[in-house]
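In this note's numbering, the protein residues as written are 244 to 354.
Where a beta carbon is used, it is the ideal one built from N, C-alpha and C, also for glycine.
Computed from a prediction, not measured in an experiment: that's the story for all the values here.
Taking it in order: structure first as structure tokens, then the write-up.
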């Protein structure tokens with residue numbers, strides 16, 4: 244294999260490992276405590292908000308990095324939902340990672 248091919252394989256390996264490292268940054272046990280308020284909406288099966296009306300998504304089994312990204316977007320008003328902005332605005336990056344680690348360990352059909 245050529246030097247260029249070896250570097251390509253190494254780069255691919257590094258790129259594949261980055262999301263795993265990012266999702267491992269959270270502490271699920273700490274996230275359980277921090278996610279208490281989240282469960283008021285996200286822990287209720289078939290829960291719909293009143294206004295605007297939409298189904299509240301389950302977070303169980305969701306990818307940790309997706310949850311972190313969503314919380315960052317709510318915190319910085321890049322996703323528009325006032326209730327979630329109010330919840331996310333006080334969260335630190337570590338809080339978000341802990342909460343994400345907690346929810347990502349559930350099966351997809353659970354909260």
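Distances from the alpha-carbon of residue 273 to those of 322, 341, 347 put 341 closest. Here residue 316 has 322 as same chain residues with Cβ atoms under 6 Å from its own Cβ, once five neighbours each way along the sequence are excluded. Residue pairing by DSSP places residue 291 opposite 298 in a beta bridge. Taking C-beta separations shorter than 6 Å and ignoring five residues to either side along the sequence, the partners of residue 339 in its chain run 311, 314, following chain order.
Contact between residue 269 and residue 331 is ruled out by a C-beta separation of about 15 Å, above the 8 Å threshold. Taking the CA atoms as reference points, residue 348 sits about 6 Å from residue 304. Residue 345 is not a Cβ neighbour of residue 301, given a cutoff of 9 Å. With contacts defined by Cβ atoms closer than 9 Å, residue 299 and residue 290 form a contacting pair.
Taking every protein chain shown into account, the CB of residue 318 has 16 or more other CB atoms within 10 angstroms, so this residue is buried.
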